[in-house]
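Visitor: Take a look at the following structure, please.
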Amino acid sequence: MILPVKGAPGSKKNEVRDATDGMLKVCCTQIPEKGKANKAILEVLAKSLGLKRSQISLLSGETDSRKKFLVENISVEELQRKIESALE
Numbered sequence: 385m386i387l388p389v390k391g392a393p394g395s396k397k398n399e400v401r402d403a404t405d406g407m408l409k410v411c412c413t414q415i416p417e418k419g420k421a422n423k424a425i426l427e428v429l430a431k432s433l434g435l436k437r438s439q440i441s442l443l444s445g446e447t448d449s450r451k452k453f454l455v456e457n458i459s460v461e462e463l464q465r466k467i468e469s470a471l472e
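Sequential numbering of the sequence shown, starting at 385, is according to this note's numbering.
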């Protein structure tokens, strides 16, 4: 499944903040430098959604705030439940 994400590097804390315009907003404290923020966003996603890091990979948006992550080995319904749980 492809998960659209709006990345917010340089934030005060690492968190999944909200879902607007069909995108999940993921904040990380890392600055956008040499892929560090992308790696941090991936880590925040994995931890917040209770997924293994190996289940998530960046498909597009390496230098853009709008990113697409591929999430594997999980049903759409289960991923939606995990997202809703992370947003509470």
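Virtual Cβ for every residue (Gly too), placed ideally from N, Cα, C. Since this is a predicted model, take the numbers as computed values, not measurements.
(1) Between Gly434, Glu456, Lys436, Leu435, which has its C-alpha nearest Leu443's C-alpha?
(2) What's the gap between the Cα of Ser469 and the Cα of Glu399?
(3) Taking the alpha carbon of Met385 as the reference point, which residue from Glu462, Gln414, Glu472 has its own alpha carbon closest?
(4) Under a Cβ-count criterion, where at least 16 other Cβ atoms within 10 Å of its own Cβ denotes burial, should Lys390 be classed as buried or exposed?
(5) Can you tell me which of Asp405, Glu427, Lys418 puts its alpha carbon nearest to the alpha carbon of Cys411?
(6) What do you get for Gln414, buried or exposed, if any count of 16 or more other CB atoms within 10 angstroms of its CB means buried?
Guide: In brief:
(1) Position 59 of the sequence shown holds residue 443. Nearest C-alpha to Leu443: Glu456.
(2) Position 85 of the sequence shown, counting from 1, holds the residue named residue 469. Position 15 of the sequence shown, counting from 1, holds the residue named residue 399. Approximately 13 angstroms between the Cα atoms of the pair.
(3) Here residue 385 is taken as the residue at index 1 of the sequence shown, counted from 1. Answer by Cα proximity: Glu462.
(4) On the sequence shown, residue 390 is found 6 positions in, with the first residue counted as 1. When all chains shown are included, Lys390 counts as buried.
(5) Walking along the sequence shown from the start, residue 411 turns up at place 27. Considering only alpha carbons, the answer is Glu427.
(6) If you number the sequence shown from 1, residue 414 lands on position 30. Buried, because 16 or more other Cβ atoms sit within 10 Å of the Cβ of Gln414.
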